[in-house]
C-alpha cells in the first residue's frame, strides 16, 4: 500500500472514530442559511476567538428547574435557552448588555413585532445625540427581523443588523440574536411567555 493510500485510509478511520464518538467536525455545517445568504463560521466572533460555531443554535441537555416553554437568559454565558420537554433546551447565542447595563429578574413577553421600528429611549439619546429619533423597520434597523418586548421595560429580545456582535457584551441591556435565530425563537413562543434573566 502506498504512503498516500495509507494516509487516506488512516484519515478515514479517524473520521469514523470521531463520528462514532459524537465529536466529528461539522463539515456539513460550514455554512448556515440566513436571511441574507450564507454566513461562514469565520463571519462571526464572540469575543473569545471561538467564532460562530460556538454560538450557533442547537439542542442541548438542560436540567434546570424551569417549566418547558420558559426562556432562560444567562448573561454570563451569553446564551439564551428555550426550555423543552425531556430535559432538553434549544440554546442560542446572544449579545448582552455591556458593563453597567446588565440586569437580572423575571419578565414576560408582552408584545411581539416583525421588522419593528426603533425609537431610541431618552437615556440613550442623552448618551448618543447623533442617533435618529425614529428608524423604520428594515435590514438596517438595529432591532433586526423580530423583537419580543419584556414586560413594561425598555428591554427586548431582538435581532440585529450587526451579527458580529453576537456573543459580546455591547448592548444597553437588550438581548441580541442573529436574525435567523430570533425568527426561530419568535415562531416558537407567544405573548405571555416567562423570561428568566440570570446575571
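Numbering (this note's numbering), first residue to last: 4 to 202.
Heads up, the beta-carbon is just placed ideally off N, CA and C, and yes, glycines get one too.
Span of the alpha helix (DSSP H) holding residue i?
i           : result
residue 81  : Run containing residue 81: none; DSSP gives neither H nor E here.
residue 126 : 125 to 130
By Cβ distance below 6 Å, which residues in the same chain neighbour residue i in space, the five residues on each side in sequence not counted?
i           : result
residue 150 : 116, 119, 159 and 161
residue 182 : 38, 147, 148 and 162
What residue does the beta strand (DSSP E) around residue i start on, and which one ends it?
i           : result
residue 91  : 91 to 96
residue 188 : Careful: residue 188 lies outside any beta strand (DSSP E), inside the alpha helix (DSSP H) at 182 to 191.
residue 60  : Careful: residue 60 lies outside any beta strand (DSSP E) and carries neither H nor E.
residue 113 : 108 to 117
residue 174 : 172 to 174
residue 68  : Where residue 68 is concerned, there is no enclosing beta strand (DSSP E), given that its DSSP letter is neither H nor E.
residue 201 : 197 to 201
Answer with buried or exposed for residue i, where buried requires no fewer than 16 other C-beta atoms within 10 angstroms of its C-beta.
i          : result
residue 55 : Low confidence applies to residue 55: its pLDDT is 47, below 50, so where it sits in the model is not reliable, and the reading given next is rough at best. Buried.
residue 25 : Residue placement at residue 25 is poorly supported in this model, since its pLDDT is 38, which falls under 50; the coordinates are not used for a value here.
residue 99 : buried
residue 43 : Reliability fails at residue 43, whose pLDDT of 33 lies under 50, so the model's placement of it is uncertain and no value is given.
For residue i, which of the options has the nearest alpha-carbon?
i           : options             : result
residue 86  : 100, 67, 153 and 60 : 67
residue 192 : 84, 58 and 61       : 84
residue 169 : 63, 75 and 82       : 82
residue 97  : 74, 88 and 89       : 74
Since residue i sits in a beta bridge, which residues does DSSP pair it with?
i           : result
residue 153 : 112
residue 105 : None, per the DSSP bridge assignment.
Can you name, in chain order, every residue of its own chain whose Cβ lies under 8 Å from the Cβ of residue i, other than the five neighbours on each side?
i           : result
residue 190 : none
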